[in-house]
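Structure record follows, encoded as structure tokens.
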Amino acid sequence: MSAQPMPPSRTASVGPPSAGGMNNPSQPPPPAAGAQGQQQSQQNLNQIVLEYLSKKGYSRTESTLRKESQHTDADGRPIVTRAEETGGRQYDIGFSKLTNFADNCLDIYKSELKRILWPIFVYSFLQLISDFYPRDGNEFLQKFRKRFEPEHQDDIRQLQTLTLPEHVQQNDLAQLYRGNRYRLTMSTLSYSSLVQFLEANSHDYGTVLMNIIVQFMDIRTVNRDPIGAERAFQKQLDRAKNDTAEVPGEDEGIPGHHPGSANLERNAPTVLSKLSLGPLPMEAELMEDVKSELQEHDNTNPPGPGQNSLIDEFEQNIKREPMDDVPSRDNIPYPPSTARDVVMEVQKVKENRDRFKIESRTGGVGPGVSVTMFTFHNTFDSVSCIEFSGDNSYAAIGTNESYIRVFSLENKPLKSPIDPPTYQPSSSRRLVGHSAPVYALSFSPSIAIAPENSYNNTVESHPRYLLSCSGDGTIRLWSLDTWTNLVVYRGHNAPVWDVRFSPHGHYFASCSADRTARLWSTPNITPLRLFVGHDGDPEAVAWHPNGAYVFTGAGGLDRTIRMWSLQTGSAVRLFTGHVGSVTALSCAPSGKVVASADDRGEILLWDLPTGRLAKRMRGHGRGGIWSLDWSVESTVLVSGGADGTVRVWDVEPNRDGGGKVIGEGGTGNKVDGSGTANGTTSTAAGSVGATTSASGANNTATGAASGAKGKGKKDVVVSPDQISAFPTKKSPVYEVRFTQMNLVVAGGAYLP
């Protein structure tokens, strides 16, 4: 038998080259004939096509083909570089391209496209940390944080503490973003431009950004024509020109925050609950008594030439009151009216006829508003709040030492029927009862009546009660007749930040660090309503003029304003748009607009019927705006805050854009960081001093503020809505208030 050939060695067939056998490690095996022929065939084909394009004169197509042919593999297929292969750098590169696109696009798209940068920045950073790229995440945060710090400084401060995936799971802010879709409204053209950019760069990190948008964002597109002027062509150009694109819209944010108007389409079904914004109807018996008193007063003191009689003025006011949107007195029960109510209503009619009326338009000059400033000295930074009574007879301060002091602005002794015979009353009283700092005060409704106009001397119109809230979690009701504590209201389980009497008395509202607001009535020691819904501490509370609604403003991560119905206890409006904690609220006497202010020095005006942002005003320095109030005609707003200024604002819609940097090109006084002006302001000596400043047309909108140029300080841009600015001498302004005669009263503490 012939010998069988040996089978091939296993090592020679499948083993590595270094295992011996027949393979030679120094000489690679020759390529297969089929593969070599295919490669040559592909090269020949490319050469044939290029020659054809050159012969036909298609130079641009030829250049493109030559460029793309350089990035092909051996089989002639294009080489695709996946963004995922770059690890954490994919977000850095993709976000850089997106910011460059948003900064250099057409002005008509710029303001809307810039709004998408912040949520993509946050979600990109959180994704980097969650995917174990701590170094890339930190570099990403440090590279782009300066762009967003002016509006999102608090959020960035929390984000920079995240370095591990476990931190993302435990951090409240991170879970707030990852657990909710960031809502953003864009015009159809702007959104189409964004999608086209991402699709054109789908092979160059566009897919990474698109995944973030699909997974974490809720972008709603609207047409410019149906939604009116908010996203009109000229509006977008003005926003880009004035650099207000960084200001978030009221229909933007998290977690699932929706503004008052959730649907922007003109033909969309009504999604807003109807509000009763008209004045509370007067009782029939009270109306008859008021008419009788007015008629008697007209007979005793006939009106002067060209002056309406009081009864005619009253009838005109009744005719002007809307009857289709007024709340029902049956839904909000009040105690029966008394003789005191008659006297106060008669005085309101007289003031409405005789007051100095502030017109909404004055030919671009602005109305002249007078301000009386009461300055408290030697307080040693212990004053926490200041409040004035409605009749301008009392001023009260709350202190960090947990007591209250009430001053008589008429310098009269404050007597009590229970004082011992040997007690010598002074012009101030000290109320002790709280065991923690006093954060807010509120006088019961009252009205000033001059002695010569008092036609019923048996009825007092002074305030009878004072409310106070404290860090001890209690609210106290004080009698201003006996100067004693009457009731202690317990219910909040955390410090109470604010308390306010209803415009008609009897009811009051409070807000606390337990994230609730509560409705109370003075005879009951338990709350009547609990308003729950804020994700942060409600820090400010305000009433609607008809007493049917309560407003609350929150800080922390919430930063929203909510409007609550007393009848149902539910929220009927929600407003988002602040980038800082809400510190002050005030509703216009007309009942149509509410103003809110934050700790970044911005004031926002909200239209209640539509639930949308009406205006944004700037001018105060940082530190917070602590008080707001409206003129009787709802045409002018006054504000005061930590920068030591009182400012008067025009609330009508803007007619021109832009702002002016304080201290550059303006005629107003330039102040330093503490609010001290280059000018002088006199203050009376004593524990409380009064200074009166009259404003006129010469008080420019570039008045003093604490944000003037200086070492380590930023310029503060004053919006054109500011009419006047009144600087103080190192006195933060705790309270501002319009009297019934349209005089502004302000209070502050001198802090040298």
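Here the sequence shown is numbered in the numbering used here, starting from -2 and rising by one per residue. Where a beta carbon is used, it is the ideal one built from N, C-alpha and C, also for glycine. Computed from a predicted model, the values in this text were never measured in an experiment.
The three-state reading of DSSP puts A722 in strand, counting E and B together.
By the criterion of at least three beta-carbon pairs nearer than 8 Å, the stretch 135 to 149 is not in contact with the stretch 182 to 200. Taking I355 as the centre and dropping the five residues before and after it, the same chain places the C-beta of P364, S628, E630, T632, V633 and N739 closer than 6 Å to its C-beta, in chain order. With a cutoff of 7 Å on beta-carbon distance, W561 and V538 are scored as not near each other. In this structure the stretch 590 to 607 touches the stretch 559 to 577; the number of beta carbon pairs closer than 8 Å is three or more.
Bridge partners of K612 according to DSSP: L602. When C-alpha distances from I444 are compared across T481, Q344, V485 and T396, the shortest belongs to Q344. Sequence-distant partners of F377 (beyond 5 residues in either direction) whose C-beta falls short of 7 Å from its own C-beta are missing from its chain. Straight-line spacing of the CA atoms in K412 and M614 works out to 45 Å.
Residue pairing by DSSP places R487 opposite T471 in a beta bridge. Counted as a single uninterrupted DSSP element, the stretch harbouring T479 is not any alpha helix (DSSP H), since DSSP gives it neither H nor E.
Distance between H374 and V496, taken at the CA atoms: about 25 Å.
For D100, the secondary structure class from DSSP, reduced to helix, strand or coil, is helix. By the C-beta density criterion, S465 is buried, having at least 16 other C-beta atoms within 10 angstroms. One Cα belongs to F385, the other to F440, and the distance between them is close to 7 Å. Judged by beta-carbon spacing, V456 lies beyond the 7 Å limit of R473, meaning their Cβ atoms are not closer than that value. Closest by C-alpha distance to S458, out of M341, Y120 and I126, is M341. Within the DSSP bridge table, the entry for M560 names F548 and R570 as partners. Within the same chain, I117 and Y120 come within 6 Å of I209 by CB-CB distance, once the 5 residues on both sides are set aside.
Cβ-Cβ separation between Y391 and F404: approximately 7 Å, consistent with a contact (criterion under 8 Å). Within the stretch 612 to 650, the complete beta strand (DSSP E) segments at least 3 residues long are 622 to 627, 633 to 638 and 642 to 647, listed from N- to C-terminus.
Excluding the 5 residues flanking it on each side, E59 has same chain C-beta neighbours closer than 7 Å at L47, L50 and S51, in chain order. Membership of V205 in the alpha helix (DSSP H) is indicated by the continuous run T204 to F213.
Between R734 and A99, the alpha-carbon positions lie close to 44 Å from each other. Between the alpha carbons of I720 and D626 lies a distance of about 15 Å. Annotation: L114 to K94 spans about 11 Å, alpha carbon to alpha carbon. G552 counts as buried, since no fewer than 16 other beta carbons sit within 10 angstroms of its beta carbon. DSSP places V591 in the strand class (E or B) of the three-state scheme.
Within the model, the alpha-carbon separation for T160 versus L125 is close to 9 Å. Approximately 4 Å separates the beta-carbon atoms of V368 and V741; this is inside 8 Å, confirming the contact. The beta carbon of K612 sits closer than 6 Å to the beta carbons of L602 from its chain, once the five residues preceding and following it are set aside; these are given in chain order. Burial state of T519 is buried, judged by a 10 Å Cβ sphere holding 16 or more other Cβ atoms. For T372, the three-state secondary structure derived from DSSP is strand. A direct Cα-Cα distance of roughly 6 Å separates S476 from N482.
The continuous alpha helix (DSSP H) containing A197 extends over residues T185 to A197.
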